[in-house]
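J.: Protein chains in written order, with my numbering: chain A, 41 to 364; chain B, 41 to 364.
All residues carry an ideal CB built from backbone N, CA and C; glycine is no exception.
2 protein chains.
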Amino acid sequence: MKESPLFWPAQFKGNVLHVLDETQVPEKLHYVKVRNVKEAVKVIRNMKTRAFGQFLVVLSTFLLVLKNSKVRTPTALLSELEQTAEALNTSRPTFPFREVTSIVVAWAKDAIQKNIELRPFLEKNIQGYLMGIRQRRLQRVNEIAELLRDGDRVLTHCNVSGELAMASQIAREQRKFVQFFATETRPYFQGAKLTCWELQKAGTPVTLIADNAVGTVLADGLVDKVIVGSDRSCANGDIANKIGTYQIAVLAKEFGTPFYVLTQPSNKIPRGEDIPIEVRNPEELLTFGKKRIVAGKVNAFYPGFDVTPKELIEREIAINAQSR
Amino acid sequence: MKESPLFWPAQFKGNVLHVLDETQVPEKLHYVKVRNVKEAVKVIRNMKTRAFGQFLVVLSTFLLVLKNSKVRTPTALLSELEQTAEALNTSRPTFPFREVTSIVVAWAKDAIQKNIELRPFLEKNIQGYLMGIRQRRLQRVNEIAELLRDGDRVLTHCNVSGELAMASQIAREQRKFVQFFATETRPYFQGAKLTCWELQKAGTPVTLIADNAVGTVLADGLVDKVIVGSDRSCANGDIANKIGTYQIAVLAKEFGTPFYVLTQPSNKIPRGEDIPIEVRNPEELLTFGKKRIVAGKVNAFYPGFDVTPKELIEREIAINAQSR
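1) State the DSSP-derived secondary structure class of S109 of chain A, mapped to helix, strand or coil.
2) Quick one, are the C-beta atoms of D251 of chain A and E224 of chain A less than 7 Å apart?
3) For V338 of chain B, go through chain A and note every residue whose CB falls closer than 7 Å to its CB, in chain order.
4) What is the DSSP secondary structure of K216 of chain A, counted as helix, strand or coil?
5) Can you tell me the Cα-Cα spacing of R75 of chain A and L46 of chain A, whole angstroms?
6) Buried or exposed: where does S119 of chain B fall if 16 or more other Cβ atoms within 10 Å of its Cβ makes it buried?
7) Between S131 of chain B and the ligand HEM, is there a pair consisting of the residue's CB and a ligand heavy atom that are separated by less than 6 Å?
8) Quick check on the DSSP output: what are the complete alpha helix (DSSP H) runs of length 4 or more inside the segment 123-156 of chain B, in order along the chain?
9) Just list the alpha helix (DSSP H) runs in the segment 156-193 of chain A, keeping only unbroken ones of 4 residues or longer that don't cross its boundaries, in chain order.
10) With a CB to CB cut of under 7 Å and the five nearest residues on each side skipped, what residues in its chain are close to S363 of chain B?
11) D314 of chain A bridges to which residues according to DSSP?
12) Pick helix, strand or coil for Y71 of chain B, following the three-state DSSP scheme.
13) How about K337 of chain B and Q240 of chain A: do their beta carbons lie closer than 7 Å?
14) Closer than 7 Å, CB to CB, is R226 of chain B near chain A or not?
15) D190 of chain B: buried (16+ other C-beta within 10 angstroms of its C-beta) or exposed?
16) By the criterion of Cβ-Cβ separation under 8 Å, what are the contact partners of F341 of chain A in chain B?
17) Tell me whether the beta-carbon of A259 of chain A lies closer than 7 Å to the beta-carbon of L248 of chain A.
18) Within 7 Å (strictly less), CB to CB, does E43 of chain B reach chain A?
19) What does K233 of chain B touch in chain A if you count any residue whose Cβ is under 9 Å from its own?
20) Measure the CB-CB distance between V263 of chain A and V301 of chain A and report whether it falls below 7 Å.
21) I want to verify the contact list: residues of chain B whose CB lies under 7 Å from the CB of L326 of chain A, in sequence order.
22) Would you mind listing the alpha helix (DSSP H) stretches within the segment 201-284 of chain B that are 4+ residues and don't spill past its ends, in chain order?
23) Would you kindly check if the distance between the Cβ of V254 of chain B and the Cβ of I309 of chain B is under 7 Å?
24) Per DSSP, what kind of secondary structure is Q51 of chain A in: helix, strand or coil?
25) Chain A partners of I283 of chain B, CB-CB under 8 Å?
26) In angstroms with no decimal places, state the Cα-to-Cα distance between P234 of chain A and F221 of chain A.
27) Counting only C-beta atoms, is L106 of chain B closer than 7 Å to chain A at any point?
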């Protein structure tokens, strides 16, 4: 199986973290070099990498600090780690980085209290954490492959960072040949740019459709399954994902097409209506590239995400095997 | 009431037909000059004007021929008109221009048979035909205005050539203030480019949304009515319109939002499934402007239209007062 570059978009080469510049995919496979906290904050702030990549950058930045720090006492190192956490937490306002950085800081405090040597303990913990996530994501790729049947035509929306491309290869090794419909996913075209690219790289047939054509392909019986990712999960099973996911779920229900969601279950948010939905800058809709497509005094409403209620979801495929 | 340039996009100035180049709206209000059959075919073939504009060009081209023809006998003029009809019929493969050109040719034959002077008879008939359509469209604009209630938030898709912009002005004169949500309408952005432009020109508040956000705005109760146009009508009340219309109708039903369609009723096609759907060049989806947004060997499926069944339509607002 060929691993999609989107599956693990930030990797160490020696002491330098190489972060895939996802904004340049598919034109270029360019990696931004991150050597210190400042460069890590910059790569996050400039949105060079998306949610999962940012998560990898956040954890990896602590490894960079541990490698490069010149301080000699555990408390001085803790202070440096706390400053790192603070810089990462404030790099983008809406992302819950604190949930991750607080774990690392807690490990550091714990080690100091227990008089464990800080650097190797933290390095081992962070690397173990990363490897655990990698392992669980690979397990989920296999779970998706199991879900696929020979001849399946799968509709997907936005981009699920490598997992569908890799699952389609595993399925093929099992003599199950599948093909995909990818929505464009306006306004950022993640479907057209990322999903189409990684599926065709994986040798899996993929057909691009406008977001407007979802109803037609479902009604015409061209789709056997819908599989999408998710950004947030609620205690009650509702999920939030890229804008457009919800209407695909409603349409899938209308036509009896099962709708599967890749999730990272969490009980922190009770229900979908409690998820804060980021409303993005209207200019992102009013312009394309650098060019304005709308003339005159026109508003735009651009919610970045929408909420799909549990009732519309056939099955969750969870990262931590809590599928429901 | 200010008339939208999209409402009547082809007009005579002296002996020259001025055709609005809709591909340049909203950047420029540029009119292509059409002086003869060859230029008329060119303006249709280059898709400078859309369905209604093409219809105006087809009829007006006969007026150009009548004005400019040097032939002296009625049969020579008839032959010239038949050649004109043939050139227009074959200008674009999928448009049913023959339905219009055959009327003009039939008038000519009828006049010759009845020994009526050909030129003035045809000019009067064609101009009367055009004025009749204009009158009926203005009536429909008033009918749309009647439908609007003070405070209405109306969702529309693609572009309805001036009618909504004009109806919103009439409503305002009646102290009914309405606002619109316009979908982008990928891949050609008719909503972003044409609908937003003409509504804001008419002084009517308009908010652009991605095609992906329709489900969200309906679910959040932000829309009171949906009003869209149509390209074809069937005997049973099904309609065909720009791709995306169907899924909006399904979503509107789901949320109990009434879905109105501006139609041109016809009994030529029995049911929606009998309407031939033009599948357009995949390149139109794989590229944006001149730039390719998709890398590698990726297919695209771009049906230009979809069919909305009668059951999803609250009411048709017909051009010829056959509303049902």
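T.: The structure says:
1) Position 69 of the first sequence holds residue 109 of chain A. Correct three-state label for S109 of chain A: coil.
2) In the first sequence, residue 251 of chain A corresponds to position 211, counting from 1. In the first sequence, residue 224 of chain A corresponds to position 184, counting from 1. A contact, by the Cβ cut-off of 7 Å.
3) On the second sequence, residue 338 of chain B is found 298 positions in, with the first residue counted as 1. Chain A residues near V338 of chain B: C236, Q240, V246 and L248.
4) Position 176 of the first sequence, counted from the start, is the residue given in the question as residue 216 of chain A. K216 of chain A: coil per DSSP, three-state reduction.
5) On the first sequence, residue 75 of chain A is found 35 positions in, with the first residue counted as 1. On the first sequence, residue 46 of chain A is found 6 positions in, with the first residue counted as 1. Each residue's Cα considered, the two are about 21 Å apart.
6) The residue labelled residue 119 of chain B in the question sits at position 79 within the second sequence. Result: exposed.
7) Ligands displayed in this structure: none; no statement on the ligand HEM is therefore possible.
8) 138-153
9) 158-187
10) Residue numbering aside, residue 363 of chain B sits at position 323 when the second sequence is read from its first letter. Any reading at S363 of chain B must be qualified, since the residue scores a pLDDT of 48, below 50, and its modelled position is unreliable; the value itself is stated next. The answer, listed in chain order, is R355, E356 and I357.
11) Against the first sequence, residue 314 of chain A aligns to sequence position 274. Its beta-bridge partners do not exist; DSSP assigns none.
12) The count along the second sequence starts at 1 and reaches residue 71 of chain B at position 31. Y71 of chain B: strand per DSSP, three-state reduction.
13) If you number the second sequence from 1, residue 337 of chain B lands on position 297. If you number the first sequence from 1, residue 240 of chain A lands on position 200. Taking 7 Å as the Cβ cut-off, K337 of chain B and Q240 of chain A qualify as a contacting pair.
14) Start at 1 with the first residue of the second sequence, and residue 226 of chain B comes out as number 186. For R226 of chain B, the nearest CB of chain A lies under 7 Å from its own CB, placing it at the interface with that chain.
15) Reading the second sequence from its first residue, position 150 is the one you call residue 190 of chain B. By the 10 Å Cβ count, D190 of chain B comes out exposed.
16) For the purposes of this step, residue 341 of chain A is identified with residue 301 of the first sequence, where counting begins at 1. The contacting residues are F221, T247, L248, I249, A253 and V257.
17) Translated into positions along the first sequence, residue 259 of chain A becomes position 219. Translated into positions along the first sequence, residue 248 of chain A becomes position 208. Not closer than 7 Å, so no.
18) Taking the second sequence and counting its residues from 1, one reaches residue 43 of chain B at position 3. Answer no: the Cβ-Cβ gap between E43 of chain B and chain A never drops below 7 Å.
19) As a position in the second sequence, residue 233 of chain B is number 193, starting the count at 1. The answer, in chain order, is I333, V334 and A335.
20) The residue you call residue 263 of chain A lines up with position 223 of the first sequence. The residue you call residue 301 of chain A lines up with position 261 of the first sequence. Going by C-beta atoms, V263 of chain A is not nearer than 7 Å to V301 of chain A.
21) What you label residue 326 of chain A is simply residue 286 of the first sequence in a count that begins at 1. Per Cβ cutoff of 7 Å: L248.
22) Counting whole runs of 4 or more residues, the segment 201-284 of chain B contains the alpha helix (DSSP H) stretches 203-213, 236-241 and 254-259.
23) The residue given as residue 309 of chain B occupies position 269 in the second sequence. The residue given as residue 254 of chain B occupies position 214 in the second sequence. No. Outside cutoff.
24) In the first sequence, the residue the question calls residue 51 of chain A occupies position 11. Q51 of chain A: strand per DSSP, three-state reduction.
25) Translated into positions along the second sequence, residue 283 of chain B becomes position 243. Here the neighbours are A250, N252, A253 and T256.
26) Start at 1 with the first residue of the first sequence, and residue 234 of chain A comes out as number 194. Start at 1 with the first residue of the first sequence, and residue 221 of chain A comes out as number 181. Rather than Pro, the amino acid found at residue 234 of chain A in this sequence is Leu. The straight-line gap from Cα to Cα measures roughly 13 Å.
27) Stepping through the second sequence from its first residue, residue 106 of chain B is reached at position 66. No - not a single Cβ of chain A is within 7 Å of the one on L106 of chain B.
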